[in-house]
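Enquirer: If you use our numbering, the sequence shown corresponds to residues 49 to 258, in order.
Here a beta-carbon is modelled for each residue, glycine too, at the ideal position from N, C-alpha and C.
Keep in mind the model is a prediction, meaning the values are calculated, not measured.
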Amino acid sequence: MLGKSDYALERTGGWDTLGMRGTCSDGYMLRANARGGQIVPGSYADISAQTMLPTSHVVWGALWLGIATDAMTRARAVARAEARKRPGGGGPTGLRLAEGADLLHRMRAIVESGLRRYERVADSPDELGGLAFAAGMNLLKTGAAQLVVEVVGKALAVCGIAGYRNDSPYSLARHLRDAHSAALMVANDRILANTAGLLLALRDDSEVFA
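#1: Identify, in the order they occur along the chain, each residue of the same chain with its Cβ nearer than 7 Å to the Cβ of H228, setting aside the five sequence neighbours on each side.
#2: Could you compute how far the alpha carbon of T243 sits from the alpha carbon of V169?
#3: Might you give, ordered along the chain, the residues of its own chain that have their beta carbon closer than 7 Å to the beta carbon of T60, omitting 5 neighbours on each side?
#4: Starting from G75, trace the beta strand (DSSP E) in both directions and tell me its first and last residue.
#5: Are the region 172 to 188 and the region 119 to 139 touching, with three or more C-beta to C-beta distances below 8 Å?
#6: Going by beta-carbon coordinates alone, are A119 and A230 separated by less than 8 Å?
#7: Which of the three DSSP states is assigned to R69 in this structure?
#8: For H223 versus I87, is the C-beta distance shorter than 8 Å?
#9: If contacts are defined as beta-carbon pairs under 8 Å, then A192 and I158 qualify, I think. What distance do you get, rounded to the angstrom?
#10: Using 8 Å as the cut-off, can you tell me whether the region 209 to 219 makes contact with the region 87 to 96, which would need three or more C-beta pairs spanning the two stretches below that distance?
#11: Run through the region 169 to 219 for me and flag every whole alpha helix (DSSP H) of 4 or more residues, listed as ranges in chain order.
#12: Which of the three DSSP states is assigned to A231 in this structure?
#13: Inspect the beta-carbon positions of A82 and L57 and report whether they are closer than 8 Å.
#14: From the DSSP output, which residues share a beta bridge with G61?
#15: Rounded to the nearest angstrom, what separates D64 and L232 at their Cα positions?
#16: Taking the C-alpha atoms as reference points, what is the distance between T190 and N236?
#17: Rounded to whole angstroms, what's the CA-CA distance from L250 to G142? Just pull it up for me.
#18: List the residues that DSSP assigns as beta-bridge partners of Y259.
#19: Out of C207, R225 and D226, state which residue places its alpha-carbon closest to the alpha-carbon of P217.
#20: Taking D226 as the reference, which of W108, A80, G84 and L145 has the closest Cα?
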């Protein structure tokens, strides 16, 4: 842990993106001096596996689930208003709403399952550092990142031009931008490649594929 007098930050870049606004990943050069007692003991690999990886993937998944849920809430409001005008059938709009609800249900199951798995092994460093747990947390991230795009896409199909407009109460512009950023932060392809290596190294696949 560093005190304010122990380090200096020099800003090297800004953060102006289409989506992922909340990360605010400005670039900095860090110069620091620390004593031995200020250094956290243990390897970075262990710290990352036991805290950073599962926490970030669960929190990201929950964030994207919130985006998807709000998108479907707006889509449902549009569909209900349309149904009042044309009672007796949902038509294509109703079908897209149902498809979106199905995808949202799957997404919520992925996020909640990952959270329960993390809570179950939170006090077990051995399990937190295991290949099966790391693979499961990776699949939470990549699965949620993919599904948020699909859910928002279904919601946009329901809302139509009202969802595409920036000045509409049913606008999905921000949802759409942030949804597509999910697979880029950190890149899904990179995580899937890492996950493939973990799965191939596992001796017992029952926990991952259960």
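Expert: In short:
#1: G67 and V197
#2: 19 Å
#3: G75, Y76 and M77
#4: G75 to A80
#5: no
#6: no
#7: helix
#8: no
#9: 6 Å
#10: no
#11: 173 to 176, 179 to 207 and 209 to 212
#12: coil
#13: no
#14: G75
#15: 15 Å
#16: 6 Å
#17: 43 Å
#18: Summary: the structure shown does not reach residue 259, with the chain confined to residues 49 through 258, and so no result is reported for it.
#19: C207
#20: W108
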